[in-house]
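**Student:** After the structure tokens below, expect a handful of questions from me.
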Amino acid sequence: MKKGLSTSLFLSCIMMLLPSLLWAQDEFSFDLEEIEKKALQVGGYLELRGDHLNINQDSVFSNLNLAAPEMSTMDLIRGSIQLDGSYEYGISSLNLRLRAAAQQDTIGWTDISDVYSAYLSVKPDPSLALSIGKKSYKWGKGYAWNPVGFINRHKDPNDPEEALEGYVTQESDFNKSYQGLLQTADLTLVVLPVWEDINNDFGERDNVNLAAKLYLLYMDTDIDLIVLTGNSRSNKIGLDFSTNLAPHFELHGEAAYIQDHKKIVLLEDNSTSVREQEAFSTLLGIRYLAENDITSIIEYYYNGGGYSEKEMIRFYQMAEAGFAQEPTLGSNLLDRARELSIKGYGRPQPGRQYLYAKFTQKEPFDILYFTPGITTIVNLDDQSYSISPETVYTGLTNWEFRLRFSLINGGEFTEFGEKVNSNKLELRVRYFF
Amino acid sequence: MLHIIHKITGSFLFLLFLTGTALALDGNELLRQVDARMQPQSYEMYRKLINIEPDGKKKEFVLYTVKTGQDKMVALFISPASEEGRATLRLGDNMWLYIPNVGKPIRITSLQSVIGGIFNNSDILRLDYHVEYDAESITEQETTYQLELKAKSSSVAYDHLKMEVDKKTLLPTTIECYAVSGMLIKSLHYSKTQDFGDGLIRPSVLETDSPLHKGYRSLMLFAKLQKKEFADEVFTLNFLPKVNELR
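Residue numbers (the numbering used here), protein chains in the order written: chain A, 78 to 510; chain B, 7 to 253.
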């Protein structure tokens, strides 16, 4: 009887300890040190990227941009670091984002370093925040483009999730929550000066500009009303929205009106003029998650301030004529083409109508953290396009691997047909710390 | 005569007992009690999410979460470094994800997963069960109640749940999550009941597996779950980059 009792007690103890033994065996612990907050926080990532490009020989931009246009391929290796830091003291915090990169390619060595943001923020109350310093803005609901991003830096639609450099501003943010159809109202006021050494790439100097954004969450729809006024750029007004039409179907859009949009235009006699006219740009997009875990992002962009197909062809023809000129006779047309390229014709997405589509499949074949996808950007006016399949793997803690191939294609005198390269293979590895 | 009176009284008492039992077994009331035992209405907590692959490989995420009212919730990733600063906000049926590099919140849906693995956004930003589900039936067994729950709207991630509740503690032990088609999407298992202080005694581990991902498991460990009040303005898009300042 006594032996039986001892055995029962022993078994009971084993039963009681079993979960903890399993726990220990599985090493599932939650150490409170892991959640300890530090006033000074530093993080960021190191990146190594290798690209192989097939040069689109005889294209307009390979002749305009490459020092040795006869080259058929180009290889590059690029290392970069992004450093994010913040220091909190009471209701204030100091925020910093630095970025530096160095690149060795077939042509030579380049390096660059920038302060992307550096600002002091004070939050006396959850409904009020003030900041001063260099800060990055990404206004608008569009994934690839943001016609209402009046104080945004230009983002690359091939990598729209990358950090962007900011502008030196003073920002005030007031927000209030409500019960009812209107759930949130948030007003952001941004003062953006343009002086000799401050924000001098934003627009005309010696002006103080004001941008304002009123955000409303009304009837489960995000709505932003945005204005920019000041003399550095034309006055602009815009609206954006985003809403879920169904749990897995999101619709978003943007509309922007620019009062006096200035555009440098090449005329038929190869002279140039600056046109000042009103411009209206729109974007309409969807994000849809299908039952098979494929996420689709599709956007249509009408760039009212862009160049028509005819205007773009005129530019390509002038550049071609410049390449054909006898070097001894000078290269006026070529110089003018290079100048026009910088001032507008060579900017990313200079045309009028574009389509963006990105499809990603989450973890197919039960491969955790593996996301294949395909992205395409089409110039709807000239039917040229880029198409980029890619795979992303994030299975190793703090590592991200991305392999991407881009095919860039189009006929003569089309946007993607006249790019520097006809394709690109890219491997990018990031380590986060 | 006395025998008849006794019979009538007995039948009456039996009926009264049945009614009393039915009242005691009101599924929606039981669901409210389960929620009340699981967490206060407004709180902060830390969670560790662990994804375990069939070969034993693990990946861990730590989140700081705050909630107020019935349907306002924010979860901030504080580790690993690759996810640090990401924040998800839920206001009723609306969900957004903020990624520091991207710099603006984007709308997400409840069945997406911002971390990969079996836990999806609705698991990470789960509201009280009685807010999203109605109890359709309840059955009593020796040591448990079995609740059949139906989603109040089509925007809820799982169409219906089968919840097993421990009779003594009124805490959930197992929850099976089903799609509209009746397909079992995942099973959730609560374990390791722990005293979080202030009278809150509840499971500290939630484990999930799914017939759709055989061999894969995900765990959620809970820590420092405590009652705390927050201003409604904390649960707004512009506050997402500042959530870490609440800690």
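Using N, Cα and C, we set each Cβ at its ideal position, and we do this for glycine too.
Is the beta carbon of Leu206(B) less than 9 Å from the beta carbon of Leu36(B)?
**Tutor:** Contact: no.
**Student:** Within its chain, find whatever has a CB closer than 6 Å to the CB of Ala42(B); leave out the 5 residues flanking it on each side and keep chain order.
**Tutor:** No residues qualify anywhere along the chain.
**Student:** Hey, how far is the Cα of Gln102(A) from the Cα of Gly120(A)?
**Tutor:** Summary for Gln102(A): the model assigns pLDDT 45, below 50, so the residue's position carries little reliability, and this model does not support an answer.
**Student:** Our contact map puts Ser161(B) next to Asp99(B) with C-beta atoms below 8 Å; I'd like the distance itself, whole angstroms only.
**Tutor:** Confirmed, Cβ separation roughly 4 Å.
**Student:** Run through DSSP, which three-state label would Leu177(B) get?
**Tutor:** Coil, per DSSP.
**Student:** Return the CA-CA distance between Lys290(A) and Glu386(A), expressed in angstroms with no decimal places.
**Tutor:** Distance between the alpha carbons of Lys290(A) and Glu386(A) is about 34 Å.
**Student:** Taking buried to mean at least 16 other C-beta atoms within 10 Å of its own C-beta, is Asp459(A) buried or exposed?
**Tutor:** Per the 10 Å Cβ criterion, buried.
**Student:** Do the CB positions of His338(A) and Ser319(A) come within less than 9 Å of each other?
**Tutor:** No, these two residues do not count as a Cβ contact at 9 Å.
**Student:** What residues of chain B sit near His325(A), judged by a beta carbon separation below 9 Å?
**Tutor:** Residues of chain B passing the Cβ test: Thr115, Ser116, Leu117 and Gln118.
**Student:** With 9 Å set as the bound, which would you pick, yes or no: does the beta-carbon of Phe125(B) sit closer than that to a beta-carbon of chain A?
**Tutor:** So, not an interface residue.
**Student:** Are the beta-carbon atoms belonging to Gly381(A) and Lys63(B) less than 9 Å from one another?
**Tutor:** Not closer than 9 Å, so no.
**Student:** Note down, in chain order, every chain B residue with its Cβ under 7 Å from the Cβ of Tyr446(A).
**Tutor:** Residues of chain B passing the Cβ test: Gly122.
**Student:** Under 6 Å Cβ to Cβ from Thr491(A), same chain only, skipping five residues before and after it: list those, please.
**Tutor:** Hits under 6 Å: Asp459 and Ser461.
**Student:** Please report the residue range of the alpha helix (DSSP H) in which Asn286(A) lies.
**Tutor:** That residue, Asn286(A), is in no alpha helix (DSSP H); its beta strand (DSSP E) goes Asn284 to Tyr295.
**Student:** So if DSSP puts His166(B) in a beta bridge, which residue, or which two residues, is it bridged to?
**Tutor:** According to DSSP, His166(B) bridges with Lys156(B) and Tyr184(B).
**Student:** Cα separation between Lys196(B) and Leu95(B)?
**Tutor:** Correcting the residue type first, residue 196(B) is Tyr in the shown sequence and not Lys. Straight-line Cα distance between these residues: approximately 24 Å.
**Student:** What are the residues of the segment 235 to 248 of chain A that lie near chain B, defined by any Cβ-Cβ distance shorter than 7 Å?
**Tutor:** Answer set for the segment 235 to 248 of chain A: Glu238, Glu239 and Ala240.
**Student:** Give me the DSSP bridge partner(s) of Asn409(A).
**Tutor:** According to DSSP, Asn409(A) bridges with nothing at all.
**Student:** Find the residues of chain B that neighbour Glu124(A), judging by a C-beta separation of less than 7 Å, and give them in chain order.
**Tutor:** None at all; the shortest Cβ gap to chain B is about 12 Å.
**Student:** Looking at the strands, I want to know which residues DSSP matches up with Val245(A).
**Tutor:** Note: Val245(A) sits in a beta bridge opposite Lys211(A).
**Student:** Would you tell me roughly how many angstroms separate the C-alpha atoms of Asn235(A) and Tyr193(A), rounded to the nearest one?
**Tutor:** Cα to Cα, Asn235(A) sits roughly 20 Å from Tyr193(A).
**Student:** Got a sec: is the Cβ-Cβ distance from Phe392(A) to anything in chain B below 9 Å?
**Tutor:** Cβ-Cβ to chain B under 9 Å: no for Phe392(A).
**Student:** Could you name the residues of the segment 260 to 272 of chain A whose beta carbon sits closer than 8 Å to any beta carbon of chain B, in the order they occur along the chain?
**Tutor:** Hits within the stretch, in order: Gln260, Thr261, Asp263 and Thr265.
**Student:** Which of the three DSSP states is assigned to Tyr222(B) in this structure?
**Tutor:** It is coil, neither helix nor strand.
**Student:** Which runs of the beta strand (DSSP E), 3 residues or longer, sit entirely within the segment 39 to 81 of chain B?
**Tutor:** DSSP runs (the beta strand (DSSP E)) wholly in the segment 39 to 81 of chain B: 49 to 58 and 64 to 74.
**Student:** Please confirm whether Ala87(B) has its beta-carbon closer than 9 Å to some beta-carbon of chain A.
**Tutor:** Yes, its Cβ sits closer than 9 Å to a Cβ of chain A.
**Student:** In the DSSP assignment, find the beta strand (DSSP E) that holds Ser170(A) and state where it starts and stops.
**Tutor:** Run containing Ser170(A): Ser169 to Asp182, per the beta strand (DSSP E) assignment.
**Student:** Which chain A residues are close to His219(B), counting only those with a beta carbon under 7 Å from its beta carbon?
**Tutor:** Neighbours of His219(B) on chain A, chain order: Asp443.
**Student:** How about Ala258(B): is its C-beta nearer than 9 Å to some C-beta of chain A?
**Tutor:** Here chain B comprises residues numbered 7 to 253, so residue 258(B) is not present and cannot be evaluated.
**Student:** In terms of residue numbering, what span does the alpha helix (DSSP H) encompassing Glu397(A) cover?
**Tutor:** It spans Glu386 to Ala401 - the alpha helix (DSSP H) in which Glu397(A) sits, taken as one unbroken run.
**Student:** Between Leu241(A) and Ile454(A), what straight-line distance do the alpha-carbon atoms span, to the nearest angstrom?
**Tutor:** If I take the Cα positions, the gap works out to 21 Å.
**Student:** Using three-state DSSP, classify Phe87(A) as helix, strand or coil.
**Tutor:** The predicted model places Phe87(A) with a pLDDT of 48, which falls under 50 and marks its position as unreliable, so this point remains unresolved.
**Student:** Which word fits Phe245(B), buried or exposed, when buried means at least 16 other C-beta atoms lie within 10 angstroms of its C-beta?
**Tutor:** Phe245(B) should be labelled buried.
**Student:** Does the beta-carbon distance from Ser65(A) to Arg230(A) come in below 9 Å?
**Tutor:** Not covered by the structure: residue 65(A). The range shown for chain A is 78 to 510.
**Student:** Using a Cβ-Cβ cut-off of 8 Å (strictly less than) and excluding sequence neighbours within five positions of Phe509(A), which residues of its own chain qualify?
**Tutor:** These residues qualify, in order along the chain: Gly120, Gly121, Tyr122, Asn475, Trp476 and Glu477.
**Student:** Relative to the alpha-carbon of Lys501(A), which residue among Glu110(A), Glu111(A), Leu130(A) and Ser350(A) has its alpha-carbon at the smallest distance?
**Tutor:** Checked all of Glu110(A), Glu111(A), Leu130(A) and Ser350(A); the closest Cα to Lys501(A) is Leu130(A).
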